[in-house]
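Q:
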Amino acid sequence: MVLFWFRRDLRLHDNSALSHALASGQPVLPLFIFDSDILTKLSDPHDARITFIHQTLTSLHQQLEQRGSTLLVRHGRPLEVMAQLLQEYPLQEVYTNRDYEPYARLRDSEVTKQLLGKGIAFRGYKDQVIFEQDEILTKGGTPYKVYTPYKNAWKSAFTESMATPYPSEEQLHGLQPHPATTLPTLADIGFAAAEIPTPSPSLSETVLRQYDKTRNLPALDATSRLSPHLRFGTVSVRQAVQLALQHNDTWLQELIWREFFMQLLFHFPESAEESFAQKFRHIDWRSNEKEFQLWCDGKTGFPLVDAGMRELNATGFMHNRVRMVVASFLVKDLLIDWRWGEAYFAGKLLDYEQASNVGNWQWAAGTGADAQPYFRIFNPDSQVKKFDKDHRYIKRWVPEFGTSAYPAPMVDHAEARDRALAAYKKSIAYTL
Ligand SMILES: Cc1cc2nc3c(=O)[nH]c(=O)nc-3n(C[C@H](O)[C@H](O)[C@H](O)COP(=O)(O)OP(=O)(O)OC[C@H]3O[C@@H](n4cnc5c(N)ncnc54)[C@H](O)[C@@H]3O)c2cc1C
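Quick look at the structure:
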C-alpha cells in the first residue's frame, strides 16, 4: 500500500503525484494533515483559509468514499502523524507533490529522513508550477533575478505538452478500499467557520479576452480570482496555462510572475526576512504603530488606500492595482517597514502565498530583486484619476467618502515623498 499526501493540490483531477501513485500498481491511500505547526501560528479562529480547506476536504472525502476508499484527515505535527500512520498501515512508499516554501522544504526533508530510516521512499513530483526553480536558469546556470529575461526564457522553453493534464481522475480505481472514516470538524482543530466565502474562479472567455484592457480597473470584476485556487490547488496550473494560451498573453505573463517569484524565494529564502537589495538594508524605518493601525483599518484619508484595506479586511481579497497602491503608501508615504505590511497581508489574504507576497511587497518597496525603482513613488491621487476616476470602487468600500465623516489625509504626500527619498538615499550612502 502507498500513501498519497495532499498538501497544496486539493483536487482529484490533473494531479501529478496522485497520478504517479495510482500508476505504481499498488493501492493508494489518500491523506491530509492539518499541520499543527502551521495552525498554531494563525491568530484568527475564523480564518477563512481554514474554512476553505475544510470545505474542500469534505468534498474530496465524499468523492473518495463514493469510490469505496477514504480520505484520512489527521491533525498534528507531520512527523508525529507519519510515525503513527507507519504503525497503523503497511506503507511501502509515500507520494506527494513538491512544495517549495522554506518551511515546507524543511518539513519534507525531515519526513524524508524519517521514512528512509524505515526503508520507505518519499517520492516528490512537480505539480504546482510549469517550471521548477532549476529548470529556467541563465546561460551561466544561475537563477534569474529579473522578470523579463526570465519570462522570455520561460516562454522559449515551454511546449504545449507541458500543460497536458495528468489522468489521475481516470485512475481512481487504484485507490485502497477502506472503511469510512470521519473528518475532524473545524472545532476539533481549534477553528470556527468563517463568514467569508471563497469565490469560485471566473475563467470565462469574456473575462480572459478582455483582461489586458480591464485588469487595472478595480471597480470591474475583470480579473480571474484564480489566486486562492492556485494557492490550494483546487485548479491546476496546467489548466490555467492552457486557458492563457488560448485567450490572453498578458494573463499568461501574470502566471509567469507567480513562477518567477517562486524560483526567487527558493534560491534566496533569506529574502522572506530581509530586503533583497543590500543597499536598502539600512533604511531608518519610522514604523509608527498608530499610523500602521490607521492603514490596517482603512482610515488614512487616502480613499483608494482605504478602499483597498477595507476590501481586504471584509473579503480576504484585494485587487492587484490596489495592492500596489496600499503597499507603496505604507512603505513610502508612512515609511513603515515592508515586513509589517507583508505580515498583515499574510494574516488576511485568502490567496496568501509566501513567494508572491514577499516578492510583490519587495517590488513595491523598491527593495526587491526586480523592483519598482525606489524613487518612483505612487501618487495616491493620480492613481485614483487613472484607475477609479468615477470613484465606483472607492464608494463601494468607503461609503462616507466625500462627506465630513471621512478623515483628512494623514500625511502630506509631497512631504512624505521627500522624506522617503531621503531615507532611501541615506541607506544607499551607508552601504557604499
Ligand atoms: C503587495 C502585494 C502582495 C501580493 N500578495 C500575493 C499573495 O500573497 N498571493 C498571490 O497569489 N498573489 C499576491 N499578489 C499578486 C496579485 O495581486 C494577485 O495574485 C492577484 O490580485 C490575484 O487576483 P486574480 O486571481 O484575479 O489575478 P489575475 O489578475 O487574474 O492573475 C491570474 C493569476 O496570475 C498570478 N498573478 C497575478 N499577478 C501576480 C503578481 N503580481 N505576482 C505573482 N503572481 C501573480 C496569480 O496566481 C493570479 O491568480 C500580491 C500583489 C501585491 C502588489
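Counted from 1, the sequence shown has number 495 at position 369 by the working numbering; the numbering is strictly sequential. Glycine included, C-beta positions come from ideal geometry on N, C-alpha and C. No experiment lies behind these values; they were computed from the predicted model shown.
With three or more C-beta pairs closer than 8 Å as the rule, is the region 507-515 touching the region 465-478?
A: no
Q: Given a threshold of 16 other Cβ atoms within 10 Å of its Cβ, counted over all protein chains shown, does Asn483 qualify as buried or as exposed?
A: As a position in the sequence shown, residue 483 is number 357, starting the count at 1. Buried is the call here.
Q: Mind checking whether Leu378 and Arg447 have CB atoms under 9 Å apart?
A: Here residue 378 refers to the residue found at position 252 when the sequence shown is read from its first residue. Here residue 447 refers to the residue found at position 321 when the sequence shown is read from its first residue. Cβ distance not < 9 Å, so Leu378 and Arg447 don't count as in contact.
Q: So for Tyr556, helix, strand or coil by DSSP?
A: By one-based count along the sequence shown, residue 556 stands at place 430. Tyr556: helix per DSSP, three-state reduction.
Q: Among Asn486, Thr264 and Ile322, whose alpha-carbon lies nearest the alpha-carbon of Ala457?
A: Here residue 457 refers to the residue found at position 331 when the sequence shown is read from its first residue. Here the sequence assigns Val to residue 457, which means Ala is not the residue at that position. If you compare the alpha carbons of Asn486, Thr264 and Ile322 with that of Val457, the shortest gap goes to Asn486.
Q: Quick check on Tyr292: buried or exposed, where buried means 16 or more other Cβ atoms within 10 Å of its Cβ?
A: For the purposes of this step, residue 292 is taken as the residue at position 166 of the sequence shown. Counting Cβ neighbours within 10 Å, Tyr292 comes out buried, since at least 16 surround it.
Q: Should Asp253 be listed as close to ligand 1, given that the test is whether its C-beta is under 8 Å from any heavy atom?
A: The count along the sequence shown starts at 1 and reaches residue 253 at position 127. Result no, Cβ not under 8 Å from ligand 1.
Q: Just to confirm my understanding: we take Asp152, look at its own chain, exclude 5 residues before and 5 after, and list those with CB closer than 7 Å. What are they?
A: Locating residue 152 in the sequence shown gives position 26, counting from the first residue. Before going further, note that residue 152 is Gln rather than Asp in the sequence given. Contacts found: Met127, Val128 and Gln218.
Q: Cα separation between Ser553 and Ala491?
A: As a working mapping, residue 553 is identified with position 427 in the sequence shown. As a working mapping, residue 491 is identified with position 365 in the sequence shown. Going by C-alpha positions, Ser553 is about 13 Å away from Ala491.
Q: Tell me the rounded alpha-carbon separation between Tyr478 and Ser353.
A: For the purposes of this step, residue 478 is taken as residue 352 along the sequence shown, with counting starting at 1. For the purposes of this step, residue 353 is taken as residue 227 along the sequence shown, with counting starting at 1. C-alpha separation (whole angstroms): 8 Å.
Q: Tell me whether Thr182 sits in a helix, a strand or coil according to DSSP, three-state version.
A: Indexing the sequence shown from 1 puts residue 182 at position 56. Of the three classes helix, strand and coil, the one that applies to Thr182 here is helix, per DSSP.
Q: Starting from Leu129, follow the beta strand (DSSP E) in both directions and report where the run begins and ends.
A: Here the question's residue 129 lines up with position 3 in the sequence shown. Val128 to Phe132 is the span of the beta strand (DSSP E), which, as asked, contains Leu129.
Q: Using three-state DSSP, classify His201 as helix, strand or coil.
A: On the sequence shown, residue 201 is found 75 positions in, with the first residue counted as 1. It is a strand residue.
Q: Hey, would you say Thr249 sits closer than 9 Å to Ala147, going by beta carbons?
A: Walking along the sequence shown from the start, residue 249 turns up at place 123. Walking along the sequence shown from the start, residue 147 turns up at place 21. Note that residue 249 is Arg in the sequence shown here, rather than Thr. Yes, they are a contact pair.
Q: Could you tell me if the beta carbon of Pro305 falls within a distance shorter than 8 Å of some heavy atom in ligand 1?
A: Translated into positions along the sequence shown, residue 305 becomes position 179. No, ligand 1 has no heavy atom inside 8 Å of this Cβ.
Q: Does ligand 1 have a heavy atom nearer than 8 Å to the CB of Thr426?
A: As a position in the sequence shown, residue 426 is number 300, starting the count at 1. Outside the cutoff, so no.
Q: Taking only three categories from DSSP, how would you classify Gly123?
A: Any property of residue 123 remains undetermined from this structure, which presents the chain solely from 127 to 558.
Q: Please check the pair Ser350 and Ser328, which I expect to be a contact at CB under 8 Å, by giving their CB distance rounded to whole angstroms.
A: On the sequence shown, position 224 is the one that residue 350 refers to. On the sequence shown, position 202 is the one that residue 328 refers to. The pair is a contact, with the Cβ atoms about 6 Å apart (cut-off 8 Å).
Q: Can you say whether Gln488 is buried or exposed, counting buried as having 16 or more other CB atoms within 10 angstroms of its CB?
A: As a position in the sequence shown, residue 488 is number 362, starting the count at 1. Buried.
Q: Throw me the rounded Cβ distance for the Ala472 and Arg364 pair, which I believe falls under 8 Å.
A: Here residue 472 refers to the residue found at position 346 when the sequence shown is read from its first residue. Here residue 364 refers to the residue found at position 238 when the sequence shown is read from its first residue. About 27 Å; that fails the 8 Å criterion.
Q: Mind checking whether the beta-carbon of His445 lies closer than 8 Å to any heavy atom of ligand 3?
A: Annotation note on ligand 3: not contained in the displayed structure, which lists ligand 1 as its ligands.
Q: In the DSSP output, which residue or residues are listed as bridge partners for Tyr219?
A: As a working note, residue 219 is residue 93 in the sequence shown. Position check: residue 219 holds Glu in this sequence, whereas Tyr was assumed. Paired residue(s): Val128 and Ala247.
Q: Cβ-heavy atom distance between Gly434 and ligand 1 below 8 Å?
A: Walking along the sequence shown from the start, residue 434 turns up at place 308. Gly434: no, Cβ never under 8 Å from ligand 1.
Q: What separation, rounded to the nearest whole angstrom, lies between the Cα atoms of Gln470 and Phe392?
A: To locate residue 470, count along the sequence shown from 1; it is residue 344. To locate residue 392, count along the sequence shown from 1; it is residue 266. For the record, residue 470 in the displayed sequence is Tyr; it is not Gln. Each residue's alpha carbon lies about 22 Å from the other.
Q: Classify Ala143: buried if its beta carbon has 16 or more other beta carbons within 10 angstroms, exposed otherwise.
A: Counting from one through the sequence shown, the residue named residue 143 turns up at place 17. Classification for Ala143: buried.
Q: So what's Asp161 in DSSP terms, helix, strand or just coil?
A: Position 35 of the sequence shown, counted from the start, is the residue given in the question as residue 161. Here Asp161 sits in strand by DSSP.
Q: Which parts of the region 331-392 are runs of the alpha helix (DSSP H), unbroken and 4 residues or longer, counting only runs that do not cross its ends?
A: Counting only runs of 4 or more, we get 331-340, 353-358 and 363-373.
Q: Quick check: what's the CA-CA separation for Trp383 versus Gln213?
A: As a working note, residue 383 is residue 257 in the sequence shown. As a working note, residue 213 is residue 87 in the sequence shown. The straight-line gap from Cα to Cα measures roughly 43 Å.
Q: Round the Cβ separation of Asp410 and Ala549 to the nearest angstrom and send it over; I've been treating them as touching at under 8 Å.
A: For the purposes of this step, residue 410 is identified with residue 284 of the sequence shown, where counting begins at 1. For the purposes of this step, residue 549 is identified with residue 423 of the sequence shown, where counting begins at 1. With a Cβ gap of about 6 Å, Asp410 and Ala549 count as contacting.
Q: Under 8 Å by Cβ, that's how I've got Ile520 and Pro429 pegged, so tell me the actual separation to the nearest angstrom.
A: Here residue 520 refers to the residue found at position 394 when the sequence shown is read from its first residue. Here residue 429 refers to the residue found at position 303 when the sequence shown is read from its first residue. Rounded, the Cβ-Cβ distance is 5 Å, consistent with contact.
Q: Could you have a look at Val154 and say whether DSSP puts it in helix, strand or coil?
A: Locating residue 154 in the sequence shown gives position 28, where the first residue counts as 1. Val154: strand per DSSP, three-state reduction.
Q: Among Arg518, Ser454 and Gln480, whose alpha-carbon lies nearest the alpha-carbon of Ala546?
A: To locate residue 546, count along the sequence shown from 1; it is residue 420. That would be Ser454, whose Cα lies nearest to the Cα of Ala546.
Q: Given 8 Å as the limit, tell me if Asn486 has its C-beta closer than that to any heavy atom belonging to ligand 1.
A: In the sequence shown, residue 486 corresponds to position 360, counting from 1. Checking the Cβ of Asn486 against ligand 1 gives yes.
Q: Under 9 Å between the Cβ atoms of Thr177 and Phe317?
A: Here residue 177 is taken as the residue at index 51 of the sequence shown, counted from 1. Here residue 317 is taken as the residue at index 191 of the sequence shown, counted from 1. Yes, the Cβ-Cβ distance between Thr177 and Phe317 is below 9 Å.
Q: Among His139, His201 and Arg233, which has the Cα closest to the Cα of Gln189?
A: Walking along the sequence shown from the start, residue 189 turns up at place 63. Checked all of His139, His201 and Arg233; the closest Cα to Gln189 is His139.
Q: Taking its Cβ as the centre, do 16 or more other Cβ atoms sit within 10 Å of Phe501, making it buried, or is it exposed?
A: On the sequence shown, residue 501 is found 375 positions in, with the first residue counted as 1. Label assigned to Phe501: exposed.
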